[in-house]
Amino acid sequence: MPEMERAPLLEVKGLCKRFGGVHAVDDFNAVVNRNHLVGIIGPNGAGKTTILNLLSGVYPGNSGQIVFQGQDVAGKRSHQIGRQGMTRTFQNIRLFGDMSVLDNVKIAYSWQAKYGMLQAMLGLRGVSQTEREVEGRALHWLERVGLAEHRADMAGSLPYGLQRRVELARALAGEPKLLLLDEPAAGLNPAEVQEFIALVSGLFSELDLSIILIEHRMEVVMRLCHWIYVQDFGRTIGQGTPEQIRRDPVVIKAYLGEEFE
Amino acid sequence: MEGTSTFSFVVQQMVNGISLGAVYALIAVGFALVFNVLKFSNFSHGGVIGISAYVGFLGALHLHLPLLPTLLLGTLAGGVVASVVEFLAFRSIRKKRGQLVYFFVTSVTMLMLLEQVLVIFFGASFFTYPQLIRTTSFTVGGVSISILYILMMVCAAVAFAVLAWALRYTKVGIAIRAASNDLTTTNLMGVNVDFIVLATFFVSGLLAGLSGVLLGMAYTLYPQIGQLVVKGFIASVLGGLGSLTGAAMGALALGIVEVFLITVMGAGLSPAVIFVLMVVFLLVRPQGFAGVSFKEKA
Amino acid sequence: MRKSLALFLVVAMLVPVMALTAGCSGGSKEILIGNIQDLTGPNKAFGVAMTNAAQMYIEKLNAAGGIGGKQLRMISYDTKSDVNEAINAYNRLIDQDKVLAVLGPPIANMGIALAPISVTKKVPIIGLFMDEKATTDAKTGQPFTYMFLAQNSAGTQARIMASYAINELKLKKFAVLYNQQNAYSVSLAEPFIAYVTAHGGTVVDKETFLTADKDYKTQLTKIKKAQPEAIYMPTYPQEIPLSLQQAYELGIKATILGDNSYIPFATASNTDPKAAEGVYFPYGVDPADAKLQQFATDYKAKWGIAAIAQSYSGWDAFGALADAIKRAYAANKKVTPDMVAAEMNKTKDYAGYQGALTISPDTHRPVGLPMVILQIKGGKPTTLTQYKEPTQ
Amino acid sequence: MSYFVTVGVFTAITIIGVLGTFILTGLTGLFSLGQAAFMGLGAYVSALLVVTFHVPFPLAVVLAVLFALGVGYFIGYTTLKIRQDFFALATFGFGEAVRAVMNESVKWTGGAMGFAGVPQLTTPWLAAAALIAAVWLVRNVRYSKFGRDCLAIRTDELAAEVMGINAFDHKLKVFLLGAGLSAFAGALSAFFTTYVEPAMFGWTQSAVWIIMVFFGGRDSLTGAIFGATTLSALPEVLRFASQWRVAIYCLIILLIINFRPAGLFGRWELSFKGLSRRRPPGAGAGKGRRKAVAEKGGADADA
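Residue numbers (this note's numbering), protein chains in the order written: chain A, 10 to 270; chain B, 237 to 534; chain C, 7 to 398; chain D, 32 to 334.
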């Protein structure tokens with residue numbers, strides 16, 4: 010495969026984060042190749058969300074390297090990382106509730122829109138042209154996730170399942186190379202979960218994209234991911250393909266338990 | 237010969253600074269208490285200070301109350317007014333999970349409203365408390381100490397001691413402390429959040445009332461007296477919002493710094509210097525003297 | 007829903023317009039005098055005193071037939087202690103109400119702000135704004151044509167106090183404590199310092215405070231260390247009890263010199279009576295004067311509040327103005343703002359409560375108007391002597 | 032100049048100042064208690080330049096605004112990194128500091144006695160033109176990506192950051208815009224009232240501007256302008272008992288925040304067809320709005 014010959018998209022080495030005395034993430038190492046879908050699983054408090062927060066620059070780690078597209082992004086601020094092509098969703102949906110669905114998605118283009126404050130103030134020609142382009146691109150993503158008809162609704166007024174999709178559209182509109190999904194299926198009903206799985210795998214096959222997925226539902230992870238890391242108390246206790254994970258005795262003991270016996 | 241040695245001058249200025257700091261501390265701690273639980277800067281605290289100062293004044297003037305009952309009356313009035321303010325102005329914003337801006341605007345508006353209530357009922361000119369303490373000061377080795385400031389410090393010390401005790405050992409106090417960590421968790425613990433918030437405002441109002449009467453006695457009584465709350469605001473931020481001890485420490489520091497600046501360079505430019513100090517301090521130590529820095533969770 | 011909102015907006019925007027057009031009135035049957043005062047706000051007491059006194063004067067005048075058969079009417083606007091409001095009110099009085107003259111506020115910075123505007127509006131303002139910048143154009147040194155002061159200026163008051171302290175009390179070492187953010191305070195402190203240093207005295211310490219400050223002990227401690235013989239404390243009413251009390255608490259024994267607002271504020275209920283004992287201050291009228299007693303009784307009967315200094319000087323200001331209007335009318339059979347201004351310049355020995363009021367055409371301020379020096383003895387202001395500004 | 036015009040000019044100046052607060056506090060959610068201080072800087076600097084240094088009026092206004100921007104950059108750069116409450120405090124301290132400097136430098140500013148004798152150069156026409164220009168500028172910003180970014184940062188700064196928005200940088204720009212508008216308003220006001228004094232620029236003035244924004248609706252430019260107009264011009268004209276007036280305002284604000292937190296106008300914007308081709312994105316949910324977007328989508332497709 011040609012992808013394998015190139016350097017990995019993301020390489021995490023020895024990432025650590027302590028809160029007070031607690032090691033939330035302890036020596037996390039991972040590799041995400043291009044066009045790969047990687048899952049991170051583990052019980053509550055295993056440090057999964059912390060890993061995403063470290064990757065996306067929400068807070069800095071205590072030590073370790075995060076090499077993304079050949080650059081160490083550890084310690085960079087969120088917006089810098091976002092601009093380099095790593096976007097994310099949040100476990101507890103963080104939409105801009107006071108804004109329309111369309112505007113939520115447009116936000117992803119703010120840093121790319123090529124006009125400054127002065128041009129905006131004077132309402133120069135380029136501004137409205139750029140704005141039209143942005144609107145077109147944002148609409149494209151809304152259509153892709155099936156929300157075009159809701160574009161004018163306030164994001165905060167949508168039902169939960171649709172809010173998840175808006176957040177996904179917003180993250181995709183950042184045109185990421187690496188998309189971080191933090192429990193994207195949480196709170197969805199079984200039918201919505203199926204739709205969601207179909208949506209993600211559809212997007213994944215269409216786009217030049219890698220995904221890191223954190224999820225509680227084994228069903229989702231097992232069906233979508235190529236490679237899985239299992240976290241417990243901040244440490245990686247196992248990794249492998251879904252099949253390997255299913256059989257790993259350590260993993261079964263620590264986490265999967267009776268569910269797979 | 238009333239000349240003073242450099243030593244007694246310095247001591248006198250220290251006494252002045254600490255006295256001023258004690259005044260600010262009374263304001264700052266009540267201010268910080270509400271911040272602890274609801275995480276917003278409650279300027280209506282100043283309005284409560286103003287109203288209770290006038291209530292105490294009315295009691296002393298018309299009911300001829302002596303010192304302690306006057307203090308008690310003002311303190312209680314503060315608690316009641318603050319509770320009413322919480323109930324009328326803040327409760328529904330909290331229920332709707334309104335953003336911080338709403339709390340802020342409401343609190344500033346409430347300060348203005350309460351001030352205006354005083355203007356409507358008492359006019360804009362000033363009043364003075366009847367003299368509740370006969371002797372006004374005593375002198376130790378050339379250093380004069382005002383009885384009223386002693387009273388303030390005693391009141392502050394007693395109030396803080398009672399507060400510390402209540403927060404540690406009473407059921408409501410423990411709940412308030414829990415709420416200051418996380419209001420929603422408190423709700424999960426089965427404690428009635430509405431009650432806790434009301435209690436927090438009540439306690440903070442008691443402190444406002446106490447400081448109101450003391451300020452009214454020490455100074456003159458005018459509707460804007462509550463604007464001294466900004467000193468409490470500065471002090472509590474310096475001390476680290478979220479910590480009561482920090483607020484008290486910040487207040488003391490502010491009092492001493494103000495006195496130092498006036499001594500060294502006069503009152504005129506001291507706000508400018510205090511501003512620069514404040515910014516430097518916030519940049520170097522954003523968590524304040526004792527505060528815990530808040531970090532948003534993702 | 008949206009339509010009704012829009013309608014509401016339109017109505018809301020229209021209300022002011024309609025209120026304006028409805029407000030136009032005024033024939034030539036009466037003489038309109040404007041009155042710009044703080045009727046609310048912290049300095050309300052002064053504004054109300056002037057308004058009440060002027061109202062009493064008008065009633066007396068109207069009962070006697072008015073001026074040239076015309077009744078006088080006063081239109082008062084509240085300035086709410088805000089200079090912009092004062093400017094607004096002045097403009098409105100001229101443009102809309104078409105008043106003949108304006109009774110101005112006893113507030114220094116309002117006078118200063120109105121002075122350059124009066125140059126273009128050309129309607130005289132007679133007031134008690136004590137700062138000399140309100141009557142003299144600092145750029146040209148010439149008086150503002152339409153600004154008149156009907157009591158001693160701040161400079162005069164400060165010089166009277168300074169001169170009395172140096173010449174009568176034989177004091178030499180002074181300290182000054184004043185509110186740096188208050189125009190009244192500043193306009194008294196500066197001439198005092200200038201006079202003292204020019205007449206053989208020294209100012210050993212000059213301390214200031216800000217309006218938000220309520221504790222002056224730090225400044226007073228510095229003053230105490232400088233060992234002055236006297237401290238001049240020209241401050242606003244609510245600051246007087248504070249500075250007196252705090253100086254007393256610090257055990258300061260120096261003589262305290264005050265300003266013309268020390269009655270009644272020096273003897274506030276929460277200050278130790280001993281704190282104000284022995285304080286000297288100048289005052290526009292002599293409280294012991296029998297003439298004043300009658301006015302005070304009438305005033306109290308009519309308004310239910312006691313007359314204060316601004317009641318007397320306000321009466322004088324309005325009286326001088328009414329006299330100028332009378333003279334202008336007698337001479338021309340009609341009266342315009344310019345005539346009033348011209349006649350104001352000729353005010354000579356108007357018999358007011360403050361004494362014989364003569365306006366100097368060179369400064370538009372009173373000349374030779376005496377003040378009374380009072381001292382608080384046994385908790386009461388006691389008249390010591392009449393004192394005039396020393397001729398330099 | 033008739034009284035009505037005078038009130039109109041004062042109102043126009045207030046609106047210009049409030050526009051800055053609208054962007055800063057209304058849209059971005061930053062409470063600055065130092066906006067009036069920027070107004071003061073604009074007023075004093077322009078007045079000094081014209082009266083003392085004989086600089087031509089237009090140049091003086093530009094220089095005053097640039098000066099305020101310079102100061103604003105310094106203040107914003109140092110204080111916008113810290114938490115929101117700190118920012119409110121820091122701007123409060125800044126306002127007091129500016130007033131202290133104005134009071135202290137008596138030689139230049141006249142101190143507490145104020146700076147009088149500024150020529151009256153702000154004509155009603157100038158005020159009207161300035162108002163229109165300011166509204167137009169702010170409207171353009173509001174309905175550009177900057178307006179969206181403001182809302183995004185106000186709602187969820189972290190999420191905005193993750194989407195590639197440099198929140199600090201954005202806040203700094205918005206803060207400068209607000210400072211510039213305030214200074215501009217200050218310069219106009221100095222040359223209209225002909226008098227400036229430090230007491231005009233206290234923190235309560237800044238708080239009043241915030242109240243005006245919330246009265247009309249913090250998401251609506253029309254609302255902010257309405258709030259400023261109503262709360263500044265109406266009482267001036269009606270002149271009803273002023274101590275009740277303030278109390279009534281306060282009550283209105285409390286009622287609005289409690290029962291209609293989006294302000295009287297919510298998101299509603301006055302728009303003139305033809306004049307404004309761009310419609311407020313996301314303005315007013317509902318069928319009409321959806322239809323409008325659909326129409327517009329069609330137009331885009333044609334183009």
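By construction, the Cβ of each residue, glycine as well, lies at the ideal position given by its N, Cα and C atoms.
Backbone CA spacing between residue i and residue j [nearest angstrom]
i: Ala-161 of chain A; j: Gly-60 of chain D; result: 23 Å
i: Trp-181 of chain D; j: Leu-58 of chain D; result: Strictly speaking, residue 181 of chain D in this sequence is Cys, with Trp absent from that position. Approximately 6 Å, taken between the alpha carbons.
i: Gly-294 of chain D; j: Gly-30 of chain A; result: 46 Å
i: Met-453 of chain B; j: Phe-271 of chain B; result: 27 Å
i: Ala-55 of chain A; j: Lys-176 of chain D; result: 38 Å
i: Asn-62 of chain A; j: Arg-27 of chain A; result: 13 Å
i: Val-493 of chain B; j: Ile-258 of chain C; result: 24 Å
i: Gln-128 of chain A; j: Thr-139 of chain A; result: 11 Å
i: Val-473 of chain B; j: Phe-117 of chain D; result: 7 Å
i: Leu-207 of chain C; j: Gln-233 of chain C; result: Leu is not the amino acid found at residue 207 of chain C; the sequence shown has Gly there. Straight-line Cα distance between these residues: approximately 14 Å.
i: Glu-196 of chain C; j: Ile-118 of chain C; result: 16 Å
Simplified DSSP assignment, three categories, for residue i
i: Arg-146 of chain A; result: helix
i: Ile-369 of chain B; result: coil
i: Met-80 of chain C; result: strand
i: Ile-44 of chain D; result: helix
i: Pro-130 of chain C; result: coil
i: Leu-282 of chain D; result: helix
i: Val-82 of chain A; result: coil
i: Asn-300 of chain C; result: In the sequence as presented, Asn is not what sits at residue 300 of chain C; that position holds Gln. If DSSP states are grouped into helix, strand and coil, Gln-300 of chain C belongs with the helices.
i: Glu-283 of chain C; result: coil
i: Pro-229 of chain D; result: helix
i: His-32 of chain A; result: strand
Proximity test, Cβ basis, 9 Å: residue i and chain D
i: Asn-336 of chain B; result: The amino acid occupying residue 336 of chain B in the given sequence is Leu; Asn does not appear at that position. Yes, contact with chain D.
i: Ser-267 of chain C; result: no
i: Asp-329 of chain C; result: no
9 Å Cβ cutoff, residue i in contact with chain B
i: Pro-243 of chain C; result: yes
i: Arg-179 of chain D; result: no
Interface flag, residue i vs chain C, CB-CB below 9 Å
i: Arg-130 of chain D; result: yes
i: Val-49 of chain D; result: no
i: Thr-456 of chain B; result: yes
i: Ser-319 of chain B; result: no
Bridge partners - residue i, DSSP secondary structure assignment
i: Trp-401 of chain B; result: The partner list for Trp-401 of chain B (beta bridge, DSSP) is empty, contrary to what the question assumes.
i: Tyr-393 of chain C; result: C:Met-377
i: Asn-41 of chain C; result: C:Ser-82 and C:Leu-109
i: Gln-248 of chain A; result: A:Tyr-238
i: His-201 of chain D; result: Partner(s): none; His-201 of chain D has no beta bridge.
i: Ser-380 of chain B; result: B:Thr-375
i: Asn-185 of chain C; result: C:Phe-215
i: Arg-130 of chain D; result: DSSP output for Arg-130 of chain D lists no bridge partner at all.
i: Cys-25 of chain A; result: A:Ser-72
Where residue i falls, given that 16 or more other Cβ within 10 Å makes a residue buried
i: Phe-357 of chain B; result: exposed
i: Arg-308 of chain D; result: For Arg-308 of chain D, the pLDDT reaches just 42, beneath the cut-off of 50, and the residue's location in the model is therefore unreliable, although a value from the coordinates is still provided. The residue in question, Arg-308 of chain D, is exposed, as its Cβ has fewer than 16 Cβ neighbours within 10 Å.
CB contact check: residue i to chain A, cutoff 9 Å
i: Arg-185 of chain D; result: yes
i: Ser-175 of chain D; result: yes
i: Glu-127 of chain D; result: no
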